[in-house]
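Visitor: Please find one structure pasted underneath; my questions will follow.
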Amino acid sequence: MESVEWHSARAALEWQIELGADESIADAPVDRYALPQKTAKKAEAAAKKSGPVDLVKRDAVAEAKVAARGAGTLEELHAAMAAFDLCELKLGARNLVFCDGVAGSRVMVIGESPGREEDRVGRPFVGQAGQMLDRMFAAIGIGRSVAEAPIYITNTLPWRPPQNRDPKPEEIAMMKPFLERHIELAAPEVLVIMGNWACQALMGQRGITRLRGTWVEVLGRPALPMCHPAYLLRMPAAKRETWADLLSVKARLERGA
């Protein structure tokens, strides 16, 4: 610019200002996105001091306990379970499978989880397994359709797992408060716990072929682990042991539980 006359230089500058170039330009480019070193260090220190903002993780078991305790009737428990949104099984199920039979019966049967037919109709123990269950209890004079000696039925999980897969431990844990409250509100004299996953939820252990036939106490009530009807359909040889378990239930009821 030294070779340019003063008036020409001023005219060129005024022309640039008129075009909007109202800031001086340095000889070397400047990365204006890069912070000065001191500013960057201050920002880094502030970030470390404040720490990341964590999203609050919901405690599914704790929320289930609160919801279950708040239910004073079976109808309220049904509504609380329907409103519970922390179990992913709910997303893929057609229906909430709550119960069948007569509430207040002397015998309450606890199954595992709904299958395809149960999910479709919204009731526990339907299809072939349900027919087997009805024949089993009819043999000792009780059943969900026996007016003078009814039974009450529910499942450990109210929603069908995808492809009938086994329940996950966290699914059982988060639905256990609802199951325990269900038992308290139904107030049976005797519990029949059918299958491995029902035993896992209420007794903390599996191995139905080892557990079956031995009375235990669950929530202050006598409870008998028993093979699930679906297992009996696959393993007919186990029917002899199941008959012995049914006779044990009958004897318990005759003694007044």
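For the sequence shown, position 67 (counting from the first letter as 1) is numbered 50 according to this note's numbering, and the numbering increases by one without interruption. Glycine residues also receive a C-beta, built at the ideal position from the N, C-alpha and C atoms.
From Cys210, Leu236, Glu237 and His165, pick the residue whose C-alpha is nearest to that of Leu116; which is it?
Guide: Of the listed residues, the one whose Cα sits closest to Leu116 is Cys210.
Visitor: Starting from Pro141, follow its DSSP beta bridges and name the residues at the other end.
Guide: In the DSSP output, where bridge partners are listed per residue, Pro141 has none listed.
Visitor: Going by C-alpha to C-alpha distance, which of Val85, Glu100, Glu154 and Gly126 sits closest to Thr139?
Guide: Answer by Cα proximity: Glu154.
Visitor: Determine which residues share a DSSP beta bridge with Leu207 and list them.
Guide: Leu207 pairs with Val175.
Visitor: Using the three-state DSSP reduction, which class does Glu100 fall into: helix, strand or coil?
Guide: Three-state result, Glu100: helix.
Visitor: From this set, Trp142, Ala240 and Leu185, which residue's C-alpha is nearest Pro205's C-alpha?
Guide: For Pro205, the nearest C-alpha among the options comes from Ala240.
Visitor: Tell me the start and end of each unbroken alpha helix (DSSP H) in the stretch 62 to 132 that is at least 4 residues and wholly inside, in chain order.
Guide: Fully enclosed alpha helix (DSSP H) runs of 4 or longer: 72 to 75, 99 to 104 and 110 to 121.
Visitor: For Met218, is the classification buried or exposed, using 16 other Cβ atoms within 10 angstroms of its Cβ as the cut-off for buried?
Guide: Looking at its Cβ environment, which holds fewer than 16 other Cβ atoms inside 10 Å, Met218 is exposed.
Visitor: Specify whether the stretch 169 to 180 and the stretch 75 to 93 touch according to this definition: at least 3 beta carbon pairs, one from each stretch, less than 8 Å apart.
Guide: Verdict: yes, contact present.
Visitor: Looking only at DSSP bridge pairs, what is Tyr214 linked to?
Guide: None, per the DSSP bridge assignment.
Visitor: Name the two residues that bound the continuous alpha helix (DSSP H) containing Arg44.
Guide: Just to set this straight, residue 44 is Val in the shown sequence, not Arg. Run containing Val44: Ala43 to Arg52, per the alpha helix (DSSP H) assignment.
Visitor: Buried or exposed for Lys159, please, with buried defined as at least 16 other CB atoms from any protein chain shown within 10 angstroms of its CB.
Guide: That one is buried.
Visitor: Compute the Euclidean distance between the alpha carbons of Val232 and Glu200, then round it to the nearest angstrom.
Guide: So the two alpha carbons sit approximately 14 Å from each other.
Visitor: Across which residues does DSSP place Val199 in a beta bridge pair?
Guide: Paired residue(s): Ala206.
Visitor: Name the DSSP bridge partner or partners of Ile136?
Guide: Paired residue(s): Asp83 and Val92.
Visitor: If you follow the alpha helix (DSSP H) that Thr225 is part of, which residue opens it and which one closes it?
Guide: Its alpha helix (DSSP H) spans residues Lys222 to Glu237.
Visitor: On the DSSP letters alone, give me the boundaries of the alpha helix (DSSP H) that Pro150 sits inside.
Guide: It is not in any alpha helix (DSSP H) - Pro150 carries neither H nor E in the DSSP assignment.
Visitor: Report the CB separation of Asn179 from Ile191 in whole angstroms; it is logged as a contact under 8 Å.
Guide: Between Ile191 and Asn179 the Cβ distance is about 5 Å, and since that is below 8 Å, they are a contact.
Visitor: So Ile134 and Cys82 are in contact, right, with Cβ under 8 Å, and what is the actual spacing, rounded?
Guide: Rounded, the Cβ-Cβ distance is 11 Å, inconsistent with contact.
Visitor: Taking the straight line between their C-alpha atoms, what separation do you get for Arg245 and Thr225?
Guide: The structure shown does not extend to residue 245, since the chain is modelled only from -16 through 240, so no value can be given for it.
Visitor: With 16 other CB atoms within 10 Å as the buried threshold, where does Leu216 fall?
Guide: Per the 10 Å Cβ criterion, exposed.
Visitor: Taking the alpha-carbon positions, what's the Arg148 to Leu162 distance?
Guide: Going from the Cα of Arg148 to the Cα of Leu162 covers about 20 Å.
Visitor: Keeping to the same chain, check which residues put their C-beta closer than 6 Å to that of Arg106; ignore five residues upstream and five downstream.
Guide: So the qualifying residues of the chain are Asp83.
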